[in-house]
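In what follows, a structure is listed as structure tokens, so that the remarks can point back to it.
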Amino acid sequence: MYWDRWKADEIKSQSIADILVDWIWASGVHGIKIPQDLLGVIPDGIVGPKTLAAVNSRNPRELFDQIKIARFDFIEDICRERPANNKFKRGWMNRINDISYVG
1 MYWDRWKADE IKSQSIADIL VDWIWASGVH GIKIPQDLLG VIPDGIVGPK
51 TLAAVNSRNP RELFDQIKIA RFDFIEDICR ERPANNKFKR GWMNRINDIS
101 YVG
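Each residue of the sequence shown is one higher than the one before, starting from 1 at the first, in full-length UniProt numbering.
Here it is in structure tokens:
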């Protein structure tokens, strides 16, 4: 369901597809809007031709690292804005750390 909805099969890098779909699964539309902003496309929360073209035109290793850092920053922001979420922070960070780039 998540995989197809977010057109992950159209992403050339399996590692990029994995980290994006995982973020969307864990955080909803933020998991695509923030990467869209990184890519310089309108952050509309829709994976369309412009988002896919931007993803597939980037160096996959560099993009993976940028997305991973953005996810860490997102978690930090969530915990700063709502300190009650700190009890989940370690697990969230571990989940992100478990996703590795495979070239």
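Yeah, the Cβ is synthetic: ideal placement off N, Cα and C, and Gly gets one too.
Check, Outcome
"For residue 71 and residue 23, which I take to be in contact (beta-carbon distance under 8 Å), what is that distance rounded to the nearest angstrom?", "6 Å"
"Does the beta-carbon distance from residue 20 to residue 6 come in below 8 Å?", "yes"
"For residue 95, collect the residues of the same chain with a Cβ closer than 8 Å to its Cβ; drop the 5 residues on either side in sequence, then sort them by chain order.", "22, 26"
"Secondary structure at residue 87, three-state DSSP: helix, strand or coil?", "helix"
"Cβ of residue 75 within 8 Å of Cβ of residue 92?", "yes"
"Could you spell out where the alpha helix (DSSP H) holding residue 80 opens and where it closes?", "60-81"
"Quick check on residue 33: does DSSP put it in helix, strand or coil?", "helix"
"Nearest to residue 61 by alpha carbon, out of 10, 48, 102, 9?", "102"
"Under 6 Å Cβ to Cβ from residue 8, same chain only, skipping five residues before and after it: list those, please.", "17, 21"
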